[in-house]
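Structure record follows, encoded as C-alpha cells.
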Amino acid sequence: QKEEWAKLKDEPTVTKDGHHIELVGNIGNPEDADSVLQHGGEGVGLYRTEFLYMGKSEMPSEDEQFEAYKSVLEKMNGKPVVVRTLDVGGDKHIPYLDMPEEMNPFLGFRAIRYCLDHEEVFRPQLRALLRASAYGNLKIMFPMIAQVEEFRAAKALLLEEKENLRKEGHEVSDDIEVGIMVEIPATAVLAKQFAKEVDFFSVGTNDLIQYTMAADRMNERVSYLYQPYHPAILNLLNNVIEAAHSEGKWAGMCGEMAGDPLAIPILLGLGLDEFSMSATSILPARTQMRNLSKADLASYKDELLAMSTAEEVLAFIKEKTE
Ligand code: PEP
Ligand code: MG
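Numbered according to UniProt numbering, the sequence shown spans residues 249 to 570.
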C-alpha cells in the first residue's frame, strides 16, 4: 500500500470524475513543512503559530517571527501557505503573556479575543507576516472568530500595518488572502454574511464539534457526544460551504476530520474545496479521493443532511463507498 501511495507523491489530487481537490498539510513548526512536501502536500493549510510562542520565556520578536514565516514560504516555493495568527488560551497556556486564570478557558479569553485586546502582541505578528508575504503565497487566517466585527477589527489592523510597512520601505505582497477559521457555531450559522467579507473559510472541526455538541474535546466522559458525523455538524458544514461558494470564495477544513477516511467521502459530497491534515495522512487521502466520484457523493447530500443520527450517517456512507 505504501508503494501505491508513494507513486502519487507528485500527482495532483483529482477525484475519479475529474475534480481537483486541494490537499495540504498542517504544521506547527517551520521544519514540518519539509515533511508536508515529502508526503506530496500541495501547500500548507494550517500553520499553528502558537508553537513559536510556547516553551519560551519571552515573546518572539517581530524579526524572529519574520524569519520563521519566511522560511516556510520559501520551502513551499509558491505553493499556498495558510498561517493562523496566535491562538492562545484554551488548552494553550503561555506564561509570559499574563493570561487570567479562568473557570472555562475554552469559552474564555482566547485567540482573536486576546489578540484584539493586546495589540502589542498582535501587531508584531501581523507585521512579521506582511513582511514575509514577499517570499511566497501567503494567506492569513484569524482563529476563533465569533462575530463579523472581530474579523473587521483584525483586518483593519492588518491593513494599517501594511501601510506602515510600505511607508517604512518594506515590500509587501498585494494579493494576500485573508480568511477565518470557522470553529464557533455562530460563525457557521452566519457564514453567508461572513462570506461577503472574508476571502476564505477553514473549518476547525476540533473546536466546532465541541462547541456545537457542548462536549469538551478532552473529557472522556462526554466523548460519546463528540461526533464528527453528527447531522448537526454536517448541516453546519454544508451551510459554510454553500455560503462560501455563493460568494465565489473557497472553503477548507483544517480540523482532524479533514483527514479521516470515513469523513472524506462525506466532505467531498458537500463540496469542500481544501483538505488540510497531518503530513502522513496526505497520500492515503489522495489515493482514496482518486477512487471516489464527487458527483455521486454529492447526490447523497440531501439524504445525509436529513438524517437524525451519526450512526445512520456512518452506516449510509459505509454502504455507499464499499
Ligand atoms: C480546530 O479547532 O479544528 C483547529 C484546527 O484548531 P486547534 O486544533 O489548534 O484548536
Ligand atoms: Mg481550534
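We put the CB at the ideal spot given by N, CA and C, even for glycine. Remember, predicted model here, so these are calculated numbers, not experimental data.
The beta carbon of residue 412 is closer than 7 Å to none in its chain, skipping five residues each way along the sequence.
In this structure, residue 445 lies away from residue 488, with their beta-carbon atoms at least 8 Å apart.
Apart from sequence neighbours up to five positions away, the residues of its chain that approach residue 438 with a beta-carbon distance below 8 Å are 396, ordered along the chain. Short note on residue 391: C-beta closer than 7 Å to some heavy atom of the ligand MG. Placement of the Cβ of residue 293 at a distance of 7 Å or more from every heavy atom of the ligand PEP is found. The set of residues whose C-beta lies within less than 5 Å of a heavy atom of the ligand MG reads, in chain order, 431, 452 and 455. Listed as beta-bridge partners of residue 498 by DSSP are 448. Ranked by Cα distance from residue 490, the first of 466, 448 and 278 is 448. For residue 284, the uninterrupted alpha helix (DSSP H) segment begins and ends at 280–286. Judged by the Cβ position, residue 361 fails to qualify as a neighbour of the ligand PEP at the 7 Å threshold, every heavy atom of the ligand being at least this far. C-alpha of residue 382 to C-alpha of residue 479: approximately 42 Å in a straight line.
In this structure, the ligand PEP has no non-hydrogen atom nearer than 7 Å to the beta-carbon of residue 358.
With respect to residue 281, residue 323 sits close: the two C-beta atoms are nearer than 8 Å. One Cα belongs to residue 496, the other to residue 347, and the distance between them is close to 39 Å. Going by C-alpha positions, residue 271 is about 19 Å away from residue 454.
Here the alpha carbon of residue 358 sits roughly 4 Å from the alpha carbon of residue 337.
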